[in-house]
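Residue numbers (this note's numbering), protein chains in the order written: chain A, 1025 to 1219; chain B, 1025 to 1219.
Backbone N, C-alpha and C fix where the C-beta goes; we use that ideal spot for every residue, glycine too.
Here the structure is laid out as structure tokens; the discussion comes afterwards.
2 protein chains.
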Amino acid sequence: MARSVEFDRTKALEAAMKLFWARGYTATSLPDLLAAMGIARSSFYASFSTKRKLFMECLELFGDRTLAMVDEDAKKLPATALPRAFFETTLLDASPRKVMQGCMMVNTVLELADVDQELNQIAAQKLDAIENAFARAFKLAQQQGELNTDHTGIELARMVMTINLGLRVQSRKNHSRTELKSIINTSLSILGLAA
Amino acid sequence: MARSVEFDRTKALEAAMKLFWARGYTATSLPDLLAAMGIARSSFYASFSTKRKLFMECLELFGDRTLAMVDEDAKKLPATALPRAFFETTLLDASPRKVMQGCMMVNTVLELADVDQELNQIAAQKLDAIENAFARAFKLAQQQGELNTDHTGIELARMVMTINLGLRVQSRKNHSRTELKSIINTSLSILGLAA
DNA sequence: GCCATTCTGTACCATTTGGTACAGAATTAT
DNA sequence: ATAATTCTGTACCAAATGGTACAGAATGGC
Chain A
1025 MARSVEFDRT KALEAAMKLF WARGYTATSL PDLLAAMGIA RSSFYASFST KRKLFMECLE
1085 LFGDRTLAMV DEDAKKLPAT ALPRAFFETT LLDASPRKVM QGCMMVNTVL ELADVDQELN
1145 QIAAQKLDAI ENAFARAFKL AQQQGELNTD HTGIELARMV MTINLGLRVQ SRKNHSRTEL
1205 KSIINTSLSI LGLAA
Chain B
1025 MARSVEFDRT KALEAAMKLF WARGYTATSL PDLLAAMGIA RSSFYASFST KRKLFMECLE
1085 LFGDRTLAMV DEDAKKLPAT ALPRAFFETT LLDASPRKVM QGCMMVNTVL ELADVDQELN
1145 QIAAQKLDAI ENAFARAFKL AQQQGELNTD HTGIELARMV MTINLGLRVQ SRKNHSRTEL
1205 KSIINTSLSI LGLAA
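Below you can see the structure in the form of structure tokens.
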């Protein structure tokens, strides 16, 4: 039989995701990708079909990873602590580079809303999934009397998500850590989730 | 002497802005622009230098227009009514098409943050100018005792702006009017500006 | 009418885009 | 070692990119 070795597909995908995350879909050229992934053109097409398919994979990876993070937290923490945990790990504890890159799904939605329906839809779905995770947690907490019912769980989740989206824009526009910290605190305060 | 006629530069600029607004910088090609503006290639370069320069002009136009809107409102309305007025005119009263296009400056920041510093900076500055307009209004209202001082004017303005940015993402992701309306109401409610 | 001037439309350009073809190197089972 | 197979690197492709050159039409003062 023949050789079975292969470049590390996962690592290459990860490298591609980083680049797409930072520069977006259109502005990332194939040569850029090949250099970052450390593979040759033919290997690229053999393993990932097209640039567009690769982007989809990256988007899925990013989305699933983010969702997993929220789900993990939802197991360990009370619902009222979820937003703070999410904001802090992704905006204060993360590296400045990552913070400045914002959220790949948000970036994608804004870049491709009028350009590529399918890619846009994937990003939107992943965002919705995260919103739903928050909503589930809030509803449960309300049923157990751990959270006031001034607003429904869904409304609250949408609100947390809207602030989250806003924070992603802020962090991409100007990544002053102290400013982000201040916004996070004000947000949690007005949400009535200030610890 | 020679002819003085010229295509309507302002109208052409407007048309370009609409296209850039919807599709972003990179995804808008020169032929697309020429068609939308209704002018020929040579006229384009004679009047607007390059695609990039044109984009800058469009960005300035969009930003100035938005800022003017806030400033106008700030003259007529109490500071506590400003956010509602802004959200409603741009997200509920505007045409679905415009709503779906989001905010050109936000779109630009997310598309070009890692790609074109200068364009990104222009967009960021315009956004800051709007935030400052809100901050001024809030500070004044606080001095006059019309607004509580639980948070500083700047903090409040940043918060309104963060929610605004989030709403632009939401509206570009999924322009259900009723959902936007709901988010706006929840936002104003938790901000203590629910009228 | 005529000339000067400034417009417009088209043909053209080099570069870059994403994607394909194919030769040759590398690896594994026999 | 050999054969089978799958990798990699390079050369190549058509299409699209932003930008330029230039011929010719349209308009103004005389």
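Original post:
Can you find a CB in chain A that lies within less than 8 Å of the CB of glutamine 1141(B)?
Top reply: Not closer than 8 Å to any Cβ of chain A, the Cβ of glutamine 1141(B) fails to qualify, so no.
**OP:** Would you check if the region 1099-1119 of chain B and the region 1184-1203 of chain B touch, i.e. whether three or more CB-CB distances between them fall below 8 Å?
**Re:** As far as the Cβ criterion goes, the region 1184-1203 of chain B touches the region 1099-1119 of chain B, which means the pair count is three or higher.
Subject >> Residue from Arg1192(A), Leu1180(A), Leu1204(A) whose Cα sits closest to the Cα of glycine 1216(A) >> reply: Among Arg1192(A), Leu1180(A), Leu1204(A), the Cα nearest to that of glycine 1216(A) is on Leu1180(A).
Original post:
Interface residues of chain B around serine 1206(A) at Cβ under 8 Å?
Top reply: Neighbours of serine 1206(A) on chain B, chain order: Glu1179, Arg1182.
Original post:
Between phenylalanine 1111(B) and leucine 1171(B), which are expected to be in contact by the criterion C-beta below 8 Å, what is the C-beta distance as a whole number of angstroms?
Top reply: Contact between phenylalanine 1111(B) and leucine 1171(B) is ruled out by a C-beta separation of about 18 Å, above the 8 Å threshold.
Subject >> Amino acids of chain B, ordered along the chain, whose beta-carbon sits closer than 7 Å to that of leucine 1191(A) >> reply: Here the neighbours are Thr1186.
**OP:** Specify the secondary structure class of valine 1139(B) as computed by DSSP and reduced to three states.
**Re:** Correct three-state label for valine 1139(B): coil.
**OP:** Taking a Cβ distance cut-off of 8 Å, strictly less, list which residues of the region 1029-1056 of chain B are near chain A, in chain order.
**Re:** Answer set for the region 1029-1056 of chain B: Ala1046, Arg1047, Gly1048, Thr1050, Ala1051.
**OP:** Take the Cβ of glycine 1062(B) as the centre, count every other Cβ of all protein chains shown within 10 Å, and call the residue buried at 16 or more, exposed below.
**Re:** By the 10 Å Cβ count, glycine 1062(B) comes out exposed.
**OP:** Would you tell me roughly how many angstroms separate the C-alpha atoms of arginine 1065(B) and threonine 1052(B), rounded to the nearest one?
**Re:** Computed Cα separation, rounded: 15 Å.
Subject >> Beta-carbon gap between leucine 1134(B) and valine 1193(A) smaller than 8 Å >> reply: In this structure, valine 1193(A) lies closer than 8 Å to leucine 1134(B) by Cβ.
Original post:
Cβ of glutamate 1135(B) less than 8 Å from any chain A Cβ?
Top reply: Output row for glutamate 1135(B): interface = yes.
Original post:
Along the chain, where does the alpha helix (DSSP H) that runs through asparagine 1188(B) open and close?
Top reply: Start and end: 1177-1197.
Original post:
If we cut at 8 Å on Cβ distances, does glutamine 1194(A) have a partner in chain B?
Top reply: Interface residue, yes.
**OP:** Kindly indicate which residue of Cys1127(B), Met1129(B), Thr1113(B), Ala1147(B) has the alpha-carbon position closest to the one of lysine 1205(B).
**Re:** Looking at the Cα atoms, Thr1113(B) is the closest of the given residues.
**OP:** Compare the C-beta of valine 1278(A) against all C-beta atoms of chain B and say whether one is closer than 8 Å.
**Re:** The question about residue 1278(A) has no answer, for chain A in this structure spans 1025 to 1219.
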